[in-house]
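Numbering (the numbering used here), first residue to last: 10 to 118.
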């Protein structure tokens, strides 16, 4: 498993679930139902102070585990990725690549 952070473009369903993403100039389609959870973040290392009334996205951040394959190559192997969505900005980051895809990490770094 590789852990890093890289910006990705994510297209979502009307319910807000990821359905396609663009990473390193390639388009990937979801091949399975995505899974969502929340992780604690060390907000005190990134923020000077917590603003009154601001809770969403400050303590926890949203993480999605998706299984994708190249959209134009349906026989391509599945990749399992963890994506994080920033609550305030709506920006997506690729934070983990599973399935022994370390070679791809070197190419994208």
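We treat Cβ as the ideally placed atom computed from N, Cα and C, and that holds for glycine.
- With at least 16 other beta carbons inside 10 angstroms of its own, residue 94 counts as buried.
- CA-to-CA, the gap between residue 82 and residue 45 works out to about 26 Å.
- In the displayed model, residue 19 falls within a strand according to three-state DSSP.
- Between the C-alpha atoms of residue 14 and residue 102 there is a straight-line separation of about 6 Å.
- By the neighbour-count criterion, in which 16 or more other beta carbons inside 10 Å mark a residue as buried, residue 27 falls on the buried side.
- C-alpha of residue 98 to C-alpha of residue 30: approximately 17 Å in a straight line.
- Contact between residue 78 and residue 38 is confirmed by a C-beta separation of about 7 Å, below the 8 Å threshold.
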